[in-house]
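S.K.: So the sequence shown is numbered by this note's numbering: it starts at 157 and just counts up by one.
Positions of the beta carbon are idealized from the N, C-alpha and C atoms, including for glycine.
Structure below; questions to follow.
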Amino acid sequence: MNDKAKLAILAALAIALIGLFLFTDLTGNVQYVLLRRFRKVWAIALTGATVSFATTVFQTLTNNRLLTPSIIGLDSLYLLLQTVVVFLFGGFALASMPREVQFLLSAGLMVFFASLLYRLLFRSHQQNLYMVLLVGIVCGVFFQSIASFMQKVMNPNEFLIVQDRMFASLNNPDTDVLLIATAVAALAVIASASNFKYLDVIALGRDQAISLGVPYEQAIRYLFLLVAVLTATATALAGPITFLGLLVANIARQWIQTYRHRYHLAGSTLLGVIALVGGQLVVERVFTFSTTLSVIINFVGGVYFLYLLVRENPT
């Protein structure tokens, strides 16, 4: 079976799951129910696609299949921002803040942090991307420690509000926020599209890419910023889903075994949609909302991560 046929299977499965999500048990006010389900599946598909796309690009840049963009501390920064707002202004301030403002503030700060981290470290350490990752890990732990301290001393009722933001939720998305998130993600992909052709060579390593004529520094800069924007968009829209990208990006590489990233990117994007839409169907139809989607994804992804560690290091 060729790569195009495999992508066609994934596309058909994604469409089938979306159809099941939209039209299963469609009763009552059909127009109202369909509108709510359409907004939800739109948010789910957008989140799955952006996280998966960003993780595939990020793993190529770092030449490591065990890393995800969350390693640079964006998830921790998101939770810190929510905690600071509740800690300083109270839970009512966060609840009453327009969702568009929350999204733009969260995504903007995460992109600013990632860009600042890259600019400060990439130039001063001879294009060492791993130094950016190392400092990102340290900053992530620092953000998490501050957020944890604030959560321990705040009012228990307000802590429940923050705790709700610790888990991904796509149950009641706002149409305006979805439009903004879709536009941001689309513009980021379009702006970086000219650098996608370099991914096949970048996967060989920095020295090989430079020797083959790739404008390495420029390509890395644009692609790293793309990863930051897509990750920030997904996190600000739905909340942190740590292992989703790791799960779908590696499954896509196993399903589509080629060096061509256009197939990997398309495959991981479709798998991200399949994983989240299928997972939400399981949450609603099997578990009847007794658990959350992020719990299922992180459990399966965590088990798969351990599998990858054992397989990569059999000794």
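With burial defined as no fewer than 16 other Cβ atoms inside 10 Å of the residue's Cβ, what is the status of N406: buried or exposed?
M.R.: Residue mapping note: residue 406 aligns to position 250 of the sequence shown, counting from 1. Result: buried.
S.K.: Please classify N328 as buried or exposed, where buried requires at least 16 neighbouring CB atoms within 10 angstroms.
M.R.: Along the sequence shown, read from residue 1 onward, the residue named residue 328 stands at position 172. When all chains shown are included, N328 counts as exposed.
S.K.: Assuming Y419 is part of the alpha helix (DSSP H), what are its boundary residues?
M.R.: On the sequence shown, residue 419 is found 263 positions in, with the first residue counted as 1. Per DSSP, Y419 belongs to the alpha helix (DSSP H) from H417 to L437.
S.K.: When the Cβ atoms of the region 387-407 are set against those of the region 206-213, are three or more pairs found closer than 8 angstroms?
M.R.: yes
S.K.: Is it true that the CB of L289 sits closer than 9 angstroms to the CB of L379?
M.R.: By 1-based counting over the sequence shown, the position of residue 379 is 223. By 1-based counting over the sequence shown, the position of residue 289 is 133. The answer is no: Cβ separation not under 9 angstroms.
S.K.: Looking only at its own chain, which residues have a Cβ that is under 7 angstroms from the Cβ of V383, when we skip the five neighbours before and after it?
M.R.: Counting from one through the sequence shown, the residue named residue 383 turns up at place 227. Counting only Cβ-Cβ distances below 7 angstroms, and skipping sequence neighbours, we find A210, V213, F214 and P225.
S.K.: What residues in its chain sit with their C-beta under 7 angstroms from that of L553, if we drop five residues either side in the sequence?
M.R.: No answer is possible for residue 553: the residues shown for the chain start at 157 and end at 471.
S.K.: Please identify the residue among N158, E314, R467 and V438 whose C-alpha is closest to the C-alpha of V240.
M.R.: Locating residue 240 in the sequence shown gives position 84, where the first residue counts as 1. Relative to the Cα of V240, the nearest Cα in the group N158, E314, R467 and V438 belongs to E314.
S.K.: Run the CB neighbour count on R321, radius 10 Å, all protein chains shown included, and call it buried at 16 or more, exposed below.
M.R.: Working through the sequence shown from its first residue, we reach residue 321 at position 165. When all chains shown are included, R321 counts as buried.
S.K.: For Q364, count neighbouring C-beta atoms within 10 Å of its own C-beta (all shown protein chains included) and say buried if the count is 16 or more, exposed if not.
M.R.: Locating residue 364 in the sequence shown gives position 208, counting from the first residue. Here Q364 is exposed: its Cβ has fewer than 16 other Cβ atoms, across all protein chains shown, within 10 Å.
S.K.: Determine the direct distance from the alpha carbon of V370 to that of H420, and round the result to whole angstroms.
M.R.: The residue you call residue 420 lines up with position 264 of the sequence shown. The residue you call residue 370 lines up with position 214 of the sequence shown. Cα-Cα distance, rounded: 20 angstroms.
S.K.: If we count Cβ pairs, one from each stretch, closer than 8 angstroms, do we get three or more for the region 332-345 versus the region 229-249?
M.R.: no
S.K.: Roughly how many angstroms lie between the CA atoms of A167 and G204, to the nearest whole one?
M.R.: Taking the sequence shown and counting its residues from 1, one reaches residue 167 at position 11. Taking the sequence shown and counting its residues from 1, one reaches residue 204 at position 48. Near 14 angstroms, if we compare the C-alpha coordinates of G204 and A167.
S.K.: Cβ atoms of T391 and M266: under 9 angstroms apart, would you say?
M.R.: Sequence index remark: in the sequence shown, residue 266 carries index 110 (1-based). Sequence index remark: in the sequence shown, residue 391 carries index 235 (1-based). Contact: yes.
S.K.: In chain order, what residues of the same chain lie with their CB nearer than 7 angstroms to the CB of L217, ignoring the 5 residues before and after it?
M.R.: Taking the sequence shown and counting its residues from 1, the one referred to as residue 217 is at position 61. Excluding residues within five positions, the ones whose Cβ falls inside 7 angstroms are L285, I358, I376, L379 and F380.
S.K.: In angstroms with no decimal places, state the Cα-to-Cα distance between I452 and A164.
M.R.: Here the question's residue 452 lines up with position 296 in the sequence shown. Here the question's residue 164 lines up with position 8 in the sequence shown. Near 26 angstroms, if we compare the C-alpha coordinates of A164 and I452.
S.K.: With C-beta atoms as the reference, is Q300 less than 9 angstroms away from S232?
M.R.: Here the question's residue 300 lines up with position 144 in the sequence shown. Here the question's residue 232 lines up with position 76 in the sequence shown. S232 is positioned such that its CB atom lies closer than 9 angstroms to that of Q300.
S.K.: Quick check: V309 and Q238, are their CB atoms within less than 9 angstroms of each other?
M.R.: Along the sequence shown, one-based indexing puts residue 309 at 153. Along the sequence shown, one-based indexing puts residue 238 at 82. The answer is no: Cβ separation not under 9 angstroms.
S.K.: Looking at the structure shown, is N454 part of a helix, part of a strand, or coil, going by DSSP?
M.R.: Translated into the one-based positions of the sequence shown, residue 454 becomes position 298. Helix, per DSSP.
S.K.: Would you give the residue range spanned by the alpha helix (DSSP H) that T391 belongs to?
M.R.: By one-based count along the sequence shown, residue 391 stands at place 235. Taken as a continuous stretch (DSSP letters only), the alpha helix (DSSP H) holding T391 covers Y372 to A394.
S.K.: Can you list, in chain order, the residues of its chain with a C-beta nearer than 7 angstroms to that of A270? Leave out the 5 residues immediately preceding and following it.
M.R.: Stepping through the sequence shown from its first residue, residue 270 is reached at position 114. Closer than 7 angstroms at Cβ, skipping near neighbours: I228, L230 and A384.
S.K.: Taking the straight line between their C-alpha atoms, what separation do you get for S123 and H417?
M.R.: This structure leaves residue 123 out entirely; the chain is present only between 157 and 471.
S.K.: With 16 as the cutoff for other CB atoms within 10 Å, does A408 come out buried or exposed?
M.R.: Within the sequence shown, numbered from 1, the residue matching residue 408 stands at position 252. Flag for A408 reads buried.
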